[in-house]
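Inspection log for the structure reproduced underneath, given as structure tokens.
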Amino acid sequence: MHTHDLSAWRHDHHFGSTNKRAERSTRVVMWITAVTMVVEIGAGWWFNSMALLADGWHMSSHAVAIGLSAFAYAAARRYAHDARFAFGTWKIEVLGGFASALFLLGVAALMVVGSLERLWSPAPIHYREAVAVGVLGLVVNLVCARLLGSAHHHGHDHAGHQHGHAHDHAHGEDLNLKAAYLHVLADAATSVLAIVALLGGWLWGWAWLDPAMGIVGAVLVAMWAKGLLLQTGRVLLDREMDHPVVDEIRDGIEQGLAGSETRVADLHVWRVGADAYACAVTVVTHSPTLGADEVRACFSMHEEIRHSTVEIQRCG
89 MHTHDLSAWR HDHHFGSTNK RAERSTRVVM WITAVTMVVE IGAGWWFNSM
139 ALLADGWHMS SHAVAIGLSA FAYAAARRYA HDARFAFGTW KIEVLGGFAS
189 ALFLLGVAAL MVVGSLERLW SPAPIHYREA VAVGVLGLVV NLVCARLLGS
239 AHHHGHDHAG HQHGHAHDHA HGEDLNLKAA YLHVLADAAT SVLAIVALLG
289 GWLWGWAWLD PAMGIVGAVL VAMWAKGLLL QTGRVLLDRE MDHPVVDEIR
339 DGIEQGLAGS ETRVADLHVW RVGADAYACA VTVVTHSPTL GADEVRACFS
389 MHEEIRHSTV EIQRCG
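Letter by letter, the sequence shown follows residues 89 to 404 in this note's numbering.
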């Protein structure tokens with residue numbers, strides 16, 4: 089039986105760096121959003137404003153989605169050292185961002201349907217009261233955006249401090265926090281559109297502007313959702329082989345070991361953290377003594393590569 093201590097060859101699979109400030113800010117924003125949502129939906133129904141109702145229902149989905157982001161942070165932290173997750177739990181946060189993007193698309197669709205119904209069947213609006221509630225919603229959204237924005241910048245500063253000597257490609261985004269931030273920004277944008285629509289109807293009698301702005305807001309929300317879906321989907325599907333670091337690793341190995349006629353036969357790179365990657369590489373060489381550590385040394389400048397597996401095939 090093998091009795092040697094293997095600890096020196098074992099890897100830590102906790103690649104994520106928990107952004108506690110982001111998690112805390114996300115929970116606070118969730119509760120603020122939920123309270124404001126109730127106020128806006130009630131006011132929209134009472135004052136008969138489609139723009140306010142759209143903003144309120146939009147905010148309701150954001151309350152759920154931001155809550156999902158908070159849950160993703162908690163789950164990723166809880167299972168961070170669970171060995172069942174082969175490469176850590178960072179993708180739980182990315183999955184939360186993906187789900188939030190789907191929520192955004194659903195909200196955009198509901199906003200379009202509601203606005204079209206109001207275009208076909210106009211109803212009187214209590215403009216003064218509706219504008220007041222719309223301004224309240226905008227202020228709340230700006231406060232929430234400030235909270236999440238400061239957490240976002242704090243996370244980047246912290247990552248920069250920890251990995252100051254890492255390669256330029258290392259720095260990634262907290263996609264879960266970005267999802268929550270986009271929800272709040274979308275809320276702020278629809279609040280602005282609602283206020284503009286209400287003022288237009290109040291001052292100039294443009295009743296059609298209220299549902300029209302609802303449609304404009306829906307298009308804006310859908311565009312943001314699409315961008316977030318593409319970004320999170322790329323990570324979840326491990327679509328990283330067009331990343332510049334892939335060619336840099338291949339070139340580093342083949343140029344660094346050119347004397348032994350070593351070529352990269354197979355290379356896989358995927359993200360395991362916001363600023364961390366794993367790779368598996370197979371090289372074919374004429375050298376009878378080439379070792380895995382020599383291959384790793386060829387891409388050691390890439391500190392973002394936190395886990396690597398090297399296979400060496402020797403040819404005659």
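Virtual Cβ for every residue (Gly too), placed ideally from N, Cα, C.
Apart from the 5 residues on each side of it in sequence, Ala131 sits with its Cβ closer than 8 Å to the Cβ of Ser137, Leu140, Gly144, Glu217, Ala218, Val221 in its chain, given in chain order. For Ser203, the closest alpha carbon among the candidates Ser157, Leu297, Asp330, Ala233 is that of Leu297. Per DSSP, Ile337 is one residue of the alpha helix (DSSP H) stretching across 332-344. Between Glu328 and Asn264, the gap from beta carbon to beta carbon reaches 8 Å or more. When the Cα atoms are used, Leu281 and Gly344 turn out to be separated by approximately 57 Å.
Of the candidates Trp358, Thr114, Ala151, the residue whose Cα lies closest to the Cα of Thr124 is Ala151. Taken in chain order, the unbroken stretches of alpha helix (DSSP H) that lie wholly in the region 137-212 and span 4 residues or more are 138-166, 178-208. Only residues of its own chain outside the window of five on either side were considered, and among them Ala353, Asp354, Glu399 have a CB closer than 6 Å to the CB of Thr370, listed in chain order. Distance between Thr397 and Glu261, taken at the CA atoms: about 25 Å. The residues Ala310, Ala313, in chain order, have a CB closer than 7 Å to that of Leu193 in the same chain once the five nearest residues on each side in sequence are set aside. Look at Gly237 here: in three-state DSSP terms it is helix.
Nearest to Arg338 by alpha-carbon distance, out of Trp119, Arg351, Gly347, Val227, is Arg351. Judged by their CB atoms, Arg394 and Ala366 are nearer to each other than the 8 Å cut-off.
For His374, there is no enclosing alpha helix (DSSP H), since its DSSP letter is neither H nor E. Across the structure, Ile120 and Gly185 are spaced so that their CA atoms are roughly 20 Å apart.
Out of Thr377, His331, Gly340, the CA that lies nearest to the CA of Val357 is found in His331.
Per DSSP, the beta-bridge partners of Val398 are Val369. Per DSSP, reduced to three states, the secondary structure at Leu325 is coil, with no helix or strand assignment.
Within the DSSP secondary-structure output, Ala364 pairs in a beta bridge with Gly361. Shown here, Ala131 sits in a helix according to DSSP, grouped into three states. Secondary structure of His390 (DSSP, three-state): coil.
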